[in-house]
Structures are given as C-alpha cells and as structure tokens.
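Undergrad: Got a structure for you, questions after.
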Amino acid sequence: MATTVIPIEEYLRTSYKPDVHFVDGEIEERNVGEYDHAKIQSLISAIFSNNEEAWGTDAVVEQRIRINSSRVRICDVAILHLDAPHEPVTQTPPYICIEILSPEDRLSRAQLVLADYFAMGVPNVWLIDPIRRIAYAFNARGLQLLYTLKLTIPNTPILLDLEALFARLDRKNASPKSL
C-alpha cells in the first residue's frame, strides 16, 4: 500500500478528529485515551492550571507542537512558561511535556514521541502509565523509570503527586456505575 506524503502546510490547515501527529510528510495516528487516560490528563491539567500563578506555568491539553520543519506532535499535556509567546501551534519548547500511555500504546512508540520533545529542547519530558502506576522521565540517557510518584522539578515549587492522582482514579473507578 502506498503512503501519501503531504506538505506540512496542508497538515497545519487541516483539522483531524482526533488530531494526529505529522512525521516527515506522513500522518501518524495516535491512540486516543480511554477513561483512565482522559481522567489523569484532566487532573494533571487542573493541577497545573490551579497553580498557574505560583508555578509560572500554563497548561494546555492536546496541543500541536511543531518539533521542527517536518514534525508536529500532539502532546497530551504541555506545560508552557506563563510568559511564553502565544502561538496557535507551539514552536517555543514547552517547559514540560507529559504523555500518558493508553492501553494500546507501546513503550517503543512512545519513546519516539518523547525523543522528539527532548530534541526540540523541552527540558522536562515525562511519561505516565496509569495502568502500571509508574512514571518515566526522558533525558539524554533515554527513557528512565522513576522510582517515585512525586514528580518535581529542582529549584521550583512544582510537584505532581501521582499517588494522589491514582488514588482519585481508584475512587472514581470504584464508585457505583449509573446510567
């Protein structure tokens, strides 16, 4: 089967539902989250939004991030500096990029996305696995399993307590189901 290559300008002016990555002229579908993925994504965004002034951050969900002239990734949660320029498609490296694994995601594929953020200059790249209840950081050494669920950035007040988020998710999943 032949692959259709399109120019980045065409991708940028096209809406996709759900949105897709653009990698070297090709459209690359993403796994869209199920409930646990979506709930963790919402909670993370809310934490950063609630601490916007204190932490100097601006959280955006499923934002297009232009990695370079041939790649655009859709970040689950991108944390921008509060004073970052307003860009319809983010081109200034975010402060933090957070990806959340869906049940269908493969770690090897997620690493490619994380590597793009890191190559772009994003200093803090995190991967959260809500199924296995673990987190990773991506840096110059590649993907590193974190041995804590309290994600921080040195010399800042930023704290993302995944234990608390997973506990909220557990309470939600244990609540009676209604129609």
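This note's numbering numbers the first residue of the sequence shown as 2 and each following residue consecutively. Just so you know, even glycine gets a beta-carbon here, dropped at the ideal spot from N, CA and C. Since this is a predicted model, take the numbers as computed values, not measurements.
1. Grab me the residues of Ala111's own chain with a C-beta within less than 7 Å of its C-beta, minus the 5 sequence neighbours each way, in chain order.
2. Helix, strand or coil for Leu170? Go by DSSP, reduced to three states.
3. Grouping DSSP H, G and I as helix and E and B as strand, with all else coil, what is Asp37?
4. Compare the Cα-Cα distances from Asn69 to each of Lys173, Ala138, Leu166 and Met121 and report the closest residue.
5. Is Val73 near Ile80, with beta carbons less than 8 Å apart?
6. Please name the residue, chosen from Tyr118, Cys76, Leu144 and Ala136, that lies closest to Glu151 on a Cα-to-Cα basis.
7. Measure the alpha-carbon distance for Leu160 versus Thr5 and round it to whole angstroms.
8. So, for Leu13: in the same chain, excluding its five sequence neighbours on each side, which residues have a beta-carbon less than 6 Å away from its beta-carbon?
9. Since Thr153 sits in a beta bridge, which residues does DSSP pair it with?
10. Looking only at its chain, what residues have a beta carbon closer than 8 Å to the beta carbon of Glu53, apart from the 5 residues adjacent to it on each side?
11. Taking the alpha carbon of Ser43 as the point to measure from, which residue in Gly57, Ser16, Glu29 and Val78 has its own alpha carbon closest?
12. What does the alpha-carbon distance come out to for the pair Phe23 and Asn51?
13. Which partner residues does Arg67 have in the DSSP bridge list?
14. Could you check if Ile48 is buried or exposed, using at least 16 other CB atoms within 10 Å of its CB as the buried criterion?
15. From Tyr181 to Ile75, what does the alpha carbon distance come to, in whole angstroms?
16. Decide if Val90 is buried, meaning its Cβ has at least 16 other Cβ atoms within 10 Å, or exposed.
17. Going residue by residue through the segment 102-141, where are the continuous beta strand (DSSP E) segments of at least 3 residues, counting only ones entirely within it?
18. Apart from the five residues on each side of it in sequence, which residues of its chain come closer than 6 Å, Cβ to Cβ, to Arg134?
TA: Reading it off the structure:
1. Glu100, Leu102 and Leu128
2. helix
3. helix
4. Met121
5. no
6. Sequence check: residue 151 is Lys here, not Glu. Ranking Tyr118, Cys76, Leu144 and Ala136 by Cα distance to Lys151 puts Ala136 first.
7. 43 Å
8. Once the five neighbours on either side are set aside, Leu13 has no close Cβ partner at all.
9. Under DSSP, Thr153 forms a beta bridge with Leu160.
10. Asp59, Ala60 and Leu83
11. Val78
12. 31 Å
13. Val73
14. Around the beta carbon of Ile48, 16 or more other beta carbons lie within 10 angstroms, which makes this residue buried.
15. No answer is possible for residue 181: the residues shown for the chain start at 2 and end at 180.
16. exposed
17. 125-130 and 135-140
18. Phe167
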